[in-house]
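What follows is a short report on a single structure.
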Amino acid sequence: MKNIYSIALTLVLASCMAAVQVQAQSFVNPISDLADPFITYHNGHYYYTGTTGGNISMRRATTLEGLKAAPLQVIFTPGAGQPTHFYWAPEMFRIDNKWYIYFSASLTNSTNDMRTWVLENTSSDPMSGTWIFKGRIYDTSNDLWAIDGTVLHLSGTHYFIWSGVDYNANIDKPQRIYIASMSNPWTLAPGRTLLSSPTLSWENNGSVNEGPEVIRKNGKVFLVYSANGCWTPDYKLGMLTMNDNLDPMNTGNWFKHPNPVFQSNASVAAYGPGHHFFFTSPNGTEDWFAYHATTNASGACDASRTTRAQRITWNSDGTPNFGVPVETGMKQQAPAGEAGLPGGSPVANGIYKIVVRSSNKPLDVAGCSIEKGANVHQWDDDNVDCQKWHVQATNDGYYMITSLQGGMVLEVANCSNSNAANVQMWAPNGADCQKWSFVDVGGGFYRILSKQSGKALDIQFGGNNNGANLQQYDYLGNHQQHFRLDWLGTEEAMGPGVYRIISRQSQLAMDLAGCNSNNGTNIAQWTWLNNNCQRWNVEDTGDGYFMIRSQESGRVLDVPGCSDQPGANIQQWDAYSNDCQKFSIQPAGNGFYSIINKSSGLAVDVDGCSTVPGANIQQWTYWGGDCQLWKFERVNTSSARIAHRGVNNDTIIKEETKISLKVYPNPTNDFIQVLGNFGQRGAEAVLYDVMSHEVARWSIAKSKEIRLDIRGTSPGIYLLQIINGETTTGHRLVIR
0 MKNIYSIALT
10 LVLASCMAAV
20 QVQAQSFVNP
30 ISDLADPFIT
40 YHNGHYYYTG
50 TTGGNISMRR
60 ATTLEGLKAA
70 PLQVIFTPGA
80 GQPTHFYWAP
90 EMFRIDNKWY
100 IYFSASLTNS
110 TNDMRTWVLE
120 NTSSDPMSGT
130 WIFKGRIYDT
140 SNDLWAIDGT
150 VLHLSGTHYF
160 IWSGVDYNAN
170 IDKPQRIYIA
180 SMSNPWTLAP
190 GRTLLSSPTL
200 SWENNGSVNE
210 GPEVIRKNGK
220 VFLVYSANGC
230 WTPDYKLGML
240 TMNDNLDPMN
250 TGNWFKHPNP
260 VFQSNASVAA
270 YGPGHHFFFT
280 SPNGTEDWFA
290 YHATTNASGA
300 CDASRTTRAQ
310 RITWNSDGTP
320 NFGVPVETGM
330 KQQAPAGEAG
340 LPGGSPVANG
350 IYKIVVRSSN
360 KPLDVAGCSI
370 EKGANVHQWD
380 DDNVDCQKWH
390 VQATNDGYYM
400 ITSLQGGMVL
410 EVANCSNSNA
420 ANVQMWAPNG
430 ADCQKWSFVD
440 VGGGFYRILS
450 KQSGKALDIQ
460 FGGNNNGANL
470 QQYDYLGNHQ
480 QHFRLDWLGT
490 EEAMGPGVYR
500 IISRQSQLAM
510 DLAGCNSNNG
520 TNIAQWTWLN
530 NNCQRWNVED
540 TGDGYFMIRS
550 QESGRVLDVP
560 GCSDQPGANI
570 QQWDAYSNDC
580 QKFSIQPAGN
590 GFYSIINKSS
600 GLAVDVDGCS
610 TVPGANIQQW
620 TYWGGDCQLW
630 KFERVNTSSA
640 RIAHRGVNND
650 TIIKEETKIS
660 LKVYPNPTND
670 FIQVLGNFGQ
680 RGAEAVLYDV
690 MSHEVARWSI
700 AKSKEIRLDI
710 RGTSPGIYLL
720 QIINGETTTG
730 HRLVIR
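Here the sequence shown stands for residues 0 to 735, where the numbers follow numbering that gives the first Met the number 0.
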């Protein structure tokens, strides 16, 4: 029995170590507080800009997540005779080995005078060198209101596409999409062509077609634009298509799609998505887009808009599939080929509850709000996402602290340096008042200091009550300024193994219908029965994807006919290792994963978000809902089993059971605190290394909290077992 346990423990710990050391690259939306986003990837960096109102500013980072912490650098401010008002929607293009920025602005304080302008920079780095003002770019035969210019390069010619009006009536409506050829990067050839007007039934709220952007693939040019007023809930994306061997100046060569291609998703409070830009992943294999959206259900054209990014998939007819806006605050797989995220010390990247020492209550976003400006206070532990925090190191020695509920980051309001300044939630913008350091104060607690002010997070008046406010204050060393970080885990990469797969929505298990072993058998959800019809072998295919094989039949999950349609069924079939049998399994936060089919780019989904046993499992456009998120829990096999005191061979292997027990700090390097109810007879604590060797053992007297000394223990991954009567719980422990 001891040998079986030793083998199992070694395997479990080795798996834990692999998961800690190798993490899938990921990011969390939103990535900025700007509207009208532009992103491009060049020479190892993303460059990002958007509407700032009075200048052109830019951020640079090696990852999308890194853009959140990157400072916003002003690269151009207007001089004499140059436009001074509004500065909307800058876009940057590399043409003839020079950089060009096209932006909209006005010489007056009226938006009725908006025109489009050009900057040039000869430096290879757009954030260095000098940006030269080249003047206005316009059609000399139609010198009219114009915004949102972009560039199409096709068959050796550059074309300029923008939103404008058809005659000069000192008005800006209705807005239409026009195109003209460019004689050089700052000059248009005379004569424009009208491509699109707001004539469809779903385009009638505001008389707007604007924000045109182009993406080319599969022999086609796709011109995707924003329709309706940005101040309305109906702001959304429409699309025109043309074969890429035709003349884009001929209106007849374009087909206008009758329906919107991307629109609001009320289920995740993402409204008015639009004014996007297309970019490719660092390795060039994936297409992505950035867009802005608001949490205001009535729509908004104001500072409530934030930048989000998500991947584009492609339909079988060669058209882009934009899906629906995904949930903010949720981990997404980063674009392929991204650099690694920076690590931090003394706190490891991961998800934590941040618990106030004086009250033993966690920090909490008031009302679980996802809005900019939401307040932060302490509250009873309700184990909800607005009490859980992504702690991610930045590349300047600090951390950003992001709420799992909505993705806003912790900041000092108005970047104040004053004592008692409020601490709130805001969209990431790279400001120092959104960056924090952790200083170990002993006993498993930290003080958390603002980079901006150097002041400490502090519970106002040291209150123990629910709702006591979070502020900053000079560090005084009291317990209302000390915080414990309860580690909820990293976002671990999926590894091969046998699992039960549980829907977050229903808490039911993925199930082979009727335990039927035949090809074509349906996949559904069902109550956990602890049989092989609900056990799934996750097999690494060596290309970043997995096949998911039934332990009952030996057949794998399969999308019939490699369908790319939302609602297509999921079945089992003989394994052929084709793309319709391969799935990307990526962390989505809080221990759950998305399962995305390689062929279709669609997510494994419970039909209708049902919680009923027997509900069908299908594929659907990914939007991050609970019925598309799954927990993978290892189950017994001959190679992954714990068989020892009080644990039978049908036990599910978990890092930590539901017993009320806390071990902190984790990671640690000197002492650990164990908090729980150890009963009348006390308990034992045993520490094992990755080879299942016993490193230390402690007897725990009748108590609610004890302190274990692990000084001198080599850094690494360990398993701490707490044996309390007939109950044994295991906790993965990281020792630095």
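For every residue, glycine included, the Cβ atom is placed at its ideal position computed from N, Cα and C.
Three-state secondary structure (DSSP) of Thr306: Indexing the sequence shown from 1 puts residue 306 at position 307. Reduced to three states, the DSSP call for Thr306 is strand.
Of all the options Asn465, Gly429, Cys385 and His478, which has the alpha carbon lying nearest to the alpha carbon of Asp395? Residue numbering aside, residue 395 sits at position 396 when the sequence shown is read from its first letter. Checked all of Asn465, Gly429, Cys385 and His478; the closest Cα to Asp395 is Gly429.
Helix, strand or coil: which one does DSSP assign to His256? Position 257 of the sequence shown, counted from the start, is the residue given in the question as residue 256. Three-state DSSP puts His256 in coil, outside helix and strand.
Using the beta-carbon count (16 or more within 10 Å), is Asn464 buried or exposed? Along the sequence shown, one-based indexing puts residue 464 at 465. Under this definition Asn464 is an exposed residue.
With burial defined as no fewer than 16 other Cβ atoms inside 10 Å of the residue's Cβ, what is the status of Gly453: buried or exposed? On the sequence shown, position 454 is the one that residue 453 refers to. It counts as exposed.
Would you mind stating whether Ser552 and Gln524 have Cβ atoms separated by less than 8 Å? Here residue 552 corresponds to residue number 553 of the sequence shown, with the count starting at 1. Here residue 524 corresponds to residue number 525 of the sequence shown, with the count starting at 1. Contact flag unset, no.
If you check the beta carbons only, do Gln386 and Met399 fall under 8 Å apart? Position 387 of the sequence shown, counting from 1, holds the residue named residue 386. Position 400 of the sequence shown, counting from 1, holds the residue named residue 399. No, the Cβ-Cβ distance between Gln386 and Met399 is not below 8 Å.
Would you list the residues sitting across from Phe159 in a DSSP beta bridge? For the purposes of this step, residue 159 is taken as the residue at position 160 of the sequence shown. DSSP output for Phe159 lists Val150 and Ala179 as bridge partner(s).
On the three-pair Cβ rule with 8 Å, is the stretch 606 to 624 touching the stretch 554 to 573? yes
Considering only their Cβ atoms, is the gap separating Ala574 from Lys330 smaller than 8 Å? By one-based count along the sequence shown, residue 330 stands at place 331. By one-based count along the sequence shown, residue 574 stands at place 575. Cβ atoms of Lys330 and Ala574: not closer than 8 Å.
In the stretch 205 to 278, which residue ranges form an unbroken beta strand (DSSP E) of at least 3 residues, counting only runs that do not cross its ends? 208 to 216, 219 to 226 and 235 to 242
Excluding five sequence neighbours on each side, which residues of the same chain lie with their C-beta closer than 8 Å to the C-beta of Gly210? By 1-based counting over the sequence shown, the position of residue 210 is 211. Here the set comprises Asp35, Ala88, Asp147, Ser162, Tyr224, Ser225, Gly273, His274 and His275.
Measuring CA to CA, which of Lys360, Gly372, Thr393 and Leu340 is closest to Val383? For the purposes of this step, residue 383 is taken as residue 384 along the sequence shown, with counting starting at 1. Ranked by how close their Cα comes to the Cα of Val383, the residues Lys360, Gly372, Thr393 and Leu340 have Lys360 in first place.
Going by the beta-carbon positions, is the gap between Trp130 and Phe75 smaller than 8 Å? One-based indexing of the sequence shown puts residue 130 at position 131. One-based indexing of the sequence shown puts residue 75 at position 76. Yes, Cβ-Cβ distance for Trp130 and Phe75 is below 8 Å.
Which value, in whole angstroms, describes the spacing of the CA atoms of Asp32 and Gly406? As a first step, residue 32 must be located in the sequence shown, where it is residue number 33. As a first step, residue 406 must be located in the sequence shown, where it is residue number 407. Spanning the two alpha carbons is a distance of roughly 11 Å.
How long is the line joining the alpha carbons of Leu199 and Gly600, rounded to whole angstroms? Looking up residue 199 in the sequence shown gives position 200. Looking up residue 600 in the sequence shown gives position 601. Cα to Cα, the separation comes out at about 29 Å.
Burial state of Arg735, where buried means 16 or more other Cβ atoms lie within 10 Å: Locating residue 735 in the sequence shown gives position 736, counting from the first residue. The residue is exposed, with fewer than 16 neighbouring Cβ atoms inside 10 Å.
Since Leu118 and Lys97 are thought to touch, with beta carbons under 8 Å apart, how far apart are those beta carbons, to the nearest angstrom? For the purposes of this step, residue 118 is taken as residue 119 along the sequence shown, with counting starting at 1. For the purposes of this step, residue 97 is taken as residue 98 along the sequence shown, with counting starting at 1. Not confirmed; about 10 Å, so no contact.
The alpha helix (DSSP H) enclosing Met65, as first and last residue numbers: By one-based count along the sequence shown, residue 65 stands at place 66. The question names Met, but residue 65 in the sequence shown is Gly. Residues Leu63 to Leu66.
Of the listed residues Tyr687, Pro189 and Met181, nearest to Ser713 (C-alpha basis): Reading the sequence shown from its first residue, position 714 is the one you call residue 713. The shortest C-alpha separation from Ser713 is found at Tyr687.
What is the DSSP secondary structure of Gly715, counted as helix, strand or coil? In the sequence shown, residue 715 corresponds to position 716, counting from 1. In this structure, DSSP gives Gly715 an extended state, which the three-state scheme calls strand.
Is the Cβ-Cβ distance between Phe159 and Ile214 less than 8 Å? Looking up residue 159 in the sequence shown gives position 160. Looking up residue 214 in the sequence shown gives position 215. No, Cβ-Cβ distance for Phe159 and Ile214 is not below 8 Å.
What would DSSP say about Ala333, mapped onto helix, strand or coil? For this step, residue 333 is matched to residue 334 along the sequence shown. Three-state result, Ala333: coil.
Which of helix, strand or coil DSSP assigns to Asp557: The count along the sequence shown starts at 1 and reaches residue 557 at position 558. Asp557: strand per DSSP, three-state reduction.
Just to check my reading of the structure: Pro82 and Ala104 have Cβ atoms closer than 8 Å, yes? What is that Cβ distance to the nearest angstrom? Here residue 82 refers to the residue found at position 83 of the sequence shown. Here residue 104 refers to the residue found at position 105 of the sequence shown. Rounded, the Cβ-Cβ distance is 4 Å, consistent with contact.
Endpoints, beta strand (DSSP E) assigned at Trp40: Residue 40 sits at position 41 when you count from the first residue of the sequence shown. Checking the displayed sequence, the identity of residue 40 turns out to be Tyr instead of Trp. Unbroken beta strand (DSSP E) run through Tyr40: Ala34 to His41.
Bounding residues of the beta strand (DSSP E) (the contiguous stretch that carries Pro89): Taking the first residue of the sequence shown as position 1, residue 89 is located at position 90. Taken as a continuous stretch (DSSP letters only), the beta strand (DSSP E) holding Pro89 covers His84 to Ile94.
Cα-Cα, which of Gly349, Pro197 and Asp557 is closest to Asn517? Working through the sequence shown from its first residue, we reach residue 517 at position 518. Of the candidates Gly349, Pro197 and Asp557, the one whose C-alpha sits nearest the C-alpha of Asn517 is Asp557.
Neighbourhood of Asn282 by C-beta distance below 7 Å, restricted to the same chain and skipping five residues each side: Position 283 of the sequence shown, counted from the start, is the residue given in the question as residue 282. Closer than 7 Å at Cβ, skipping near neighbours: Ala335 and Gly336.
Between Ala60, Tyr99, Thr107 and Leu63, which lies nearest to Gly80 when the distance is taken from Cα to Cα? As a working note, residue 80 is residue 81 in the sequence shown. With distances taken between Cα atoms, Gly80 lies closest to Thr107.
Coarse secondary structure for Trp313, derived from DSSP in three states: The count along the sequence shown starts at 1 and reaches residue 313 at position 314. Strand at Trp313.
Express the C-alpha separation of Phe37 and Tyr137 in angstroms, rounding to a whole number. Within the sequence shown, numbered from 1, the residue matching residue 137 stands at position 138. Within the sequence shown, numbered from 1, the residue matching residue 37 stands at position 38. Whole-angstrom Cα-Cα distance: 21 Å.
How long is the line joining the alpha carbons of Ser280 and His41, rounded to whole angstroms? Taking the first residue of the sequence shown as 1, we reach residue 280 at position 281. Taking the first residue of the sequence shown as 1, we reach residue 41 at position 42. C-alpha separation (whole angstroms): 10 Å.
May I have the straight-line CA-CA distance separating Asp542 from Phe482, to the nearest angstrom? By one-based count along the sequence shown, residue 542 stands at place 543. By one-based count along the sequence shown, residue 482 stands at place 483. Cα-Cα distance, rounded: 42 Å.
From the DSSP output, read off the bridge partner residues of Val605. The sequence position of residue 605 within the sequence shown is 606, counting from 1. According to DSSP, Val605 bridges with Ile616.
CA-CA distance, Leu487 and Thr540? Here the question's residue 487 lines up with position 488 in the sequence shown. Here the question's residue 540 lines up with position 541 in the sequence shown. One alpha carbon belongs to Leu487, the other to Thr540, and they sit about 29 Å apart.
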